[in-house]
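Residue numbers (our numbering), protein chains in the order written: chain A, 706 to 1139; chain B, 706 to 1139.
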């Protein structure tokens, strides 16, 4: 059995690798055709997909899974329409491949081009939401990557129905798409996939922090994502109080369950006595539980915040509050306790804002706006693969561009390195053409 | 003892992390001042450095180390001048930080900026060549990264002397540089460093394939580099024979010990009988040992090449030769046996060249020129950190840009996400400003 799994996953990854080499050469017309065909096929199979989803939901209810999970699992006609809308808008996005990223003349007749190209094979592991399957497959196809997908077992039938639609659609467009999208079905297969660094170039986990951490621990393949979203807002002494109230309320309350919601509010001591009572009033009305440091608790009512609280992602209506002496203390706190995801400053002082944006080591640093804006759609990237807190490759919300890398093409006319060595060496011109 | 090492390396990495946060905010003037100060200090300590190097070389001779290694270890006045020349030219390079990589208006008064910034802390492990220490430290400092260095034990005294010069130089420029460059001295310390993914963002190994592989196997931190350079040249049926002779000779003979030298020559069957005898004559004169497939051995004299030979990096005057039917067979062979480093086609047919350059999955793909051009200096990147065969972050020769990543800055005027949701939702403009 173990041997069988290894063999199946190995073969799947190998065929995805071969497929990726073909995909890299497909025109954007062909890649967009595939996306349109998928949208059409999903629409045509709408009823089957909804039926499969109903069975998944019934199965989950009988397993007594949490309500929130069952809610995320739901994939009805309205959600199918949304998915199709996303695919149509992805078709309209510019081709991320074959973009010239620079041209340099090294010498007469010897021109270096840096050109964007696909990464290769992407392994995606996601939980619950079946819309992730369509979103990520189409992002990968548009960017010329092959993809191995593994969804949650609770959405097994829905995922299979969506996968069948994709498979039929792309093969109608061109048999060269064979192997481009593949579905794994068990956890054992995922474990096996995470070992196949000779075929798989990047792993993208979409789901809980635990999922991301567990995947990071199991593989040597680069993992794109974030395992925590501990976001801060610092209200500076130079903040406009009304603006600060509005921005901090939005960052905590508008949708607390997501990674870009604020978990800790830092308030400058000079402004704390004016700002905090007003802010607390708004939060208490919205049923936000406040946990404060000592100085906060001298001004407003709050449970004491422990050191561990400042390192916790609540994803809930709970907020840490801390009074800080200055922007330096705010920056130190954020760089120490934060997760390098998204942090904000509210201030009227542009220099201080710029300094904060440079010194805070996070993927997104906001000035006078809500941390909740950190999102691929809002940033104008179109659909998003996820939000990355990595320090290499791609950071923050990642769209099509994060699924590409580049290659160099050097075009000569019989040029050899020997001519550039020794006493009569020719000189390089290194002239930037673009 | 073990505990002591862990503690020391942990403290070093932690202080490098703190330092990296300060470095990210230092102006380009200050960073260039540091580079100039290092050049000056190394020059002032020239005699001490040469003396330390002589002791290292004597030590290595008494240990009966291979001649090639002892040769690489040599760091005399001429080499010091070269290093200083490199540093001076690095000073002249554009600032890789705070470059605007794009600006988008999300809505009126809400502007998203994507700005280049340092990665953070780079761990560098290198063998023999003491010039690598200066080159990599200055590349890291110019790009605002802190660096932990570990050189070969055979160069211990030279490395310590160079490190002392760097340390004194940067601290003279600004005490904020404290912790920016640190030297580890034992293998145990490297092993410990490779575990510290909470502080170290990228590992760069510079040395043998074995070193790179061993480091990749020991860490979850992203590793930038290549573990093999199995490079090919494909001579197409439409090749200019004289050009092919020249390019293939250069790719194998000009400097066979390096990663971008050719290991396998692929020749189109249509041209093989004309081209191979002439090529073989030139190679035999240059003492290149030829290993051919069956069809090659019907045309020229060669030892039989095994399947394993085609997967071997010789770094020596040995070359595999194989006759192929067409460009497709050449591409398949390269994608299967190559190391995705650098490969070339010689042909007069532009369409075929373009197809080859798209379909070959390598960091550099040459047309009518030698694989030996794949190098940071020749590509005009200035000094190079190394050549990467990774599929994410940076590929091919990597210079200053590969030591940077980006962050997003979102500048608003009290903007909140709640205004873009619900029935009266404001619409995003997503207008590209740059």
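Ideal Cβ placement from N, Cα and C applies to all residues, glycine included. In this text, all values refer to a predicted model and were calculated from it rather than measured experimentally.
Rounded to whole angstroms, residue 834 (chain A) and residue 780 (chain A) show a C-alpha spacing of 8 Å.
Taking residue 997 (chain B) as the centre and dropping the five residues before and after it, the same chain places the C-beta of 1007, 1010 and 1026 closer than 6 Å to its C-beta, in chain order. Residues of chain B with a Cβ closer than 8 Å to the Cβ of residue 809 (chain A) are, in chain order, 1084 and 1085. According to the DSSP assignment, residue 1109 (chain A) belongs to the beta strand (DSSP E) that extends over 1109-1120. For residue 943 (chain B), there are no neighbours in chain A by C-beta distance under 7 Å, as the nearest C-beta there is about 14 Å away. Note on the stretch 710-789 of chain A: there is no whole beta strand (DSSP E) run with a minimum of 3 residues. Residue pairing for residue 903 (chain A): DSSP places it in no beta bridge. Looking at the DSSP output, residue 994 (chain A) bridges to A:1023.
Within chain B, no C-beta atom comes nearer than 8 Å to that of residue 939 (chain A); the closest sits roughly 15 Å away.
Residue 742 (chain B) is positioned such that its CB atom lies no closer than 7 Å to that of residue 849 (chain B). In terms of Cβ geometry, residue 964 (chain A) and residue 934 (chain A) form a close pair [threshold 7 Å]. Of B:976, B:944, B:1061 and B:970, the smallest CA-CA separation from residue 993 (chain B) is found for B:970. A distance below 7 Å separates the beta carbons of residue 859 (chain B) and residue 778 (chain B).
Residues 811 and 812 of the same chain have their beta carbon placed closer than 6 Å to that of residue 1133 (chain A), with the five preceding and five following residues left out of the count.
Just so you know, the alpha carbons of residue 1111 (chain A) and residue 1047 (chain A) end up roughly 28 Å apart. By the Cβ criterion, the stretch 914-927 of chain A is not in contact with the stretch 944-956 of chain A, since fewer than three pairs of Cβ atoms, one from each stretch, lie closer than 8 Å. With a 10 Å radius around the Cβ and a threshold of 16 neighbouring Cβ atoms, residue 1066 (chain A) comes out buried. Taking 7 Å as the cut-off, the Cβ atoms of residue 1090 (chain A) and residue 1107 (chain A) count as close. Listed along chain B, no residue sits closer than 7 Å to residue 983 (chain A) by beta-carbon distance, the nearest being about 15 Å off. Under DSSP, residue 889 (chain B) takes part in a beta bridge, and its partners are B:855. One thing to note: residue 1019 (chain A) has its Cβ no nearer than 7 Å to the Cβ of residue 817 (chain B). Secondary structure of residue 1084 (chain A) (DSSP, three-state): coil. Residue environment: residue 1139 (chain B) is assigned as exposed (fewer than 16 neighbouring CB atoms within 10 Å of its CB, all protein chains considered). Contact annotation: residue 1093 (chain A) and residue 929 (chain A) have beta-carbon atoms nearer than 7 Å. Apart from sequence neighbours up to five positions away, the residues of its chain that approach residue 867 (chain B) with a beta-carbon distance below 8 Å are 747, 754, 835, 838 and 839, ordered along the chain. Under the DSSP assignment, residue 953 (chain A) falls outside any beta strand (DSSP E), being part of the alpha helix (DSSP H) whose first and last residues are 946-958. Bridge partners of residue 1047 (chain B) according to DSSP: B:1069. Residue 1037 (chain B): member of the alpha helix (DSSP H) spanning 1032-1042, first to last residue. Annotation for residue 822 (chain A): the continuous beta strand (DSSP E) segment containing it runs 815-823.
For residue 726 (chain B), a Cβ of chain A is located within less than 7 Å of the residue's own Cβ. Here residue 950 (chain A) has 983, 984 and 987 as same chain residues with Cβ atoms under 7 Å from its own Cβ, once five neighbours each way along the sequence are excluded. With contacts defined as CB atoms closer than 7 Å, residue 852 (chain B) and residue 824 (chain B) fail to qualify as a contacting pair. At a cut-off of 7 Å, the C-beta of residue 962 (chain B) has no neighbouring C-beta in chain A. With a threshold of 7 Å between beta carbons, residue 1097 (chain B) makes contact with chain A.
In terms of beta-carbon proximity, residue 880 (chain A) stays away from the interface with chain B, with every pair separated by 7 Å or more. Only exposed fits residue 1053 (chain A), as fewer than 16 other CB atoms lie within 10 angstroms of its CB.
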